[in-house]
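Enquirer:
In my numbering, the protein residues as written are 4 to 178.
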């Protein structure tokens with residue numbers, strides 16, 4: 004018998020046709036507190052009995068309450084010898100570290116948080132550097148194209164126009 008979701012108004016795994024992955028509450032007490040605070044359920048009082056129930060996995064939260072990127076369904080491995088990334092589906096989906104349930108369908112909309120995920124400073128720096136590099140490459144290619152248009156010729160008259168502005172040594176004879 005599959006485990007059921009303990010979020011109010013959620014019917015995750017109540018029907019045989021609607022199977023969803025469920026996740027135990029985290030063992031980390033701080034993260035568990037965040038989960039309990041996020042879930043709109045009044046009877047989540049942390050007593051000794053609840054702590055025992057958490058440890059044996061009595062309370063669970065289904066995948067419907069997490070954003071798409073927070074549930075990992077594939078495992079990836081980078082092979083350094085060949086330089087390729089290998090990806091394979093996992094039997095049981097996992098959650099990313101330190102995620103908190105934030106989607107609560109069937110509850111008032113103010114209970115579901117839609118906060119944007121902040122980019123880490125190092126990733127932001129890398130992204131900005133890449134944008135600057137891409138911009139510099141684009142400007143360089145445009146400059147090269149403009150130079151080629153200025154110096155390119157298809158007939159003798161265009162050739163003469165190209166060399167008009169240049170000064171040559173006395174060794175060369177300009178026609």
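Ideal placement from N, C-alpha and C gives every residue a C-beta, glycine not left out.
For the alpha helix (DSSP H) containing residue 154, list its first residue and its last residue.
Expert: Residue mapping note: residue 154 aligns to position 151 of the chain shown, counting from 1. Counting along the chain, the alpha helix (DSSP H) containing residue 154 begins and ends at 124 to 154.
Enquirer: With DSSP run on the structure shown, which of helix, strand or coil describes residue 106?
Expert: Taking the first residue of the chain shown as position 1, residue 106 is located at position 103. The answer is coil: DSSP assigns residue 106 none of H, G, I, E or B.
Enquirer: Taking C-beta to C-beta, are residue 106 and residue 69 nearer than 8 Å?
Expert: For the purposes of this step, residue 106 is identified with residue 103 of the chain shown, where counting begins at 1. For the purposes of this step, residue 69 is identified with residue 66 of the chain shown, where counting begins at 1. Against a cut-off of 8 Å, the Cβ pair of residue 69 and residue 106 comes out as a contact.
Enquirer: Tell me whether residue 97 sits in a helix, a strand or coil according to DSSP, three-state version.
Expert: Sequence index remark: in the chain shown, residue 97 carries index 94 (1-based). Of the three classes helix, strand and coil, the one that applies to residue 97 here is strand, per DSSP.
Enquirer: Thinking C-beta only, is residue 34 closer than 8 Å to residue 101?
Expert: Here residue 101 is taken as the residue at index 98 of the chain shown, counted from 1. Here residue 34 is taken as the residue at index 31 of the chain shown, counted from 1. Closer than 8 Å, so yes.
Enquirer: Can you have a look at residue 104 and say buried or exposed, based on whether 16 or more other CB atoms are within 10 angstroms of its CB?
Expert: Translated into positions along the chain shown, residue 104 becomes position 101. Buried, because 16 or more other Cβ atoms sit within 10 Å of the Cβ of residue 104.
Enquirer: May I ask which residues mark the beginning and end of the beta strand (DSSP E) holding residue 226?
Expert: Residue 226 lies beyond the stretch modelled for the chain, which goes from 4 to 178, so this question has no answer here.
Enquirer: Per DSSP, residue 10 forms a beta bridge with which residues?
Expert: If you number the chain shown from 1, residue 10 lands on position 7. Paired residues: none, contrary to the question.
Enquirer: What is the DSSP secondary structure of residue 80, reduced to helix, strand or coil?
Expert: Counting from 1 along the chain shown, the entry for residue 80 is found at position 77. It is a strand residue.
Enquirer: Is it buried or exposed for residue 51, if we count other Cβ within 10 angstroms and need 16 for buried?
Expert: Against the chain shown, residue 51 aligns to sequence position 48. In this prediction, residue 51 scores a pLDDT of 48, lower than 50, which makes its location untrustworthy; no coordinate-derived value is stated.
Enquirer: Please state the DSSP three-state secondary structure of residue 166.
Expert: For this step, residue 166 is matched to residue 163 along the chain shown. Residue 166: helix per DSSP, three-state reduction.
Enquirer: List the whole-angstrom C-beta distance separating residue 66 from residue 96, where the pair is believed to meet the contact cut-off of C-beta under 8 Å.
Expert: Residue 66 sits at position 63 when you count from the first residue of the chain shown. Residue 96 sits at position 93 when you count from the first residue of the chain shown. The pair is a contact, with the Cβ atoms about 7 Å apart (cut-off 8 Å).
Enquirer: In three-state terms, what does DSSP make of residue 44?
Expert: Numbered from its first residue, the chain shown carries residue 44 at position 41. Residue 44 falls in the coil class under three-state DSSP.
Enquirer: According to DSSP, is residue 63 helix, strand or coil?
Expert: The sequence position of residue 63 within the chain shown is 60, counting from 1. If DSSP states are grouped into helix, strand and coil, residue 63 belongs with the strands.
Enquirer: Residue 165 and residue 154: beta carbons closer than 8 Å?
Expert: As a first step, residue 165 is located in the chain shown; it is residue number 162 there, counting from the start. As a first step, residue 154 is located in the chain shown; it is residue number 151 there, counting from the start. Yes, these two residues count as a Cβ contact at 8 Å.
Enquirer: Assuming residue 85 contacts residue 79 (C-beta within less than 8 Å), just tell me the rounded distance between them.
Expert: Sequence index remark: in the chain shown, residue 85 carries index 82 (1-based). Sequence index remark: in the chain shown, residue 79 carries index 76 (1-based). About 14 Å separates the two Cβ atoms, so there is no contact after all.
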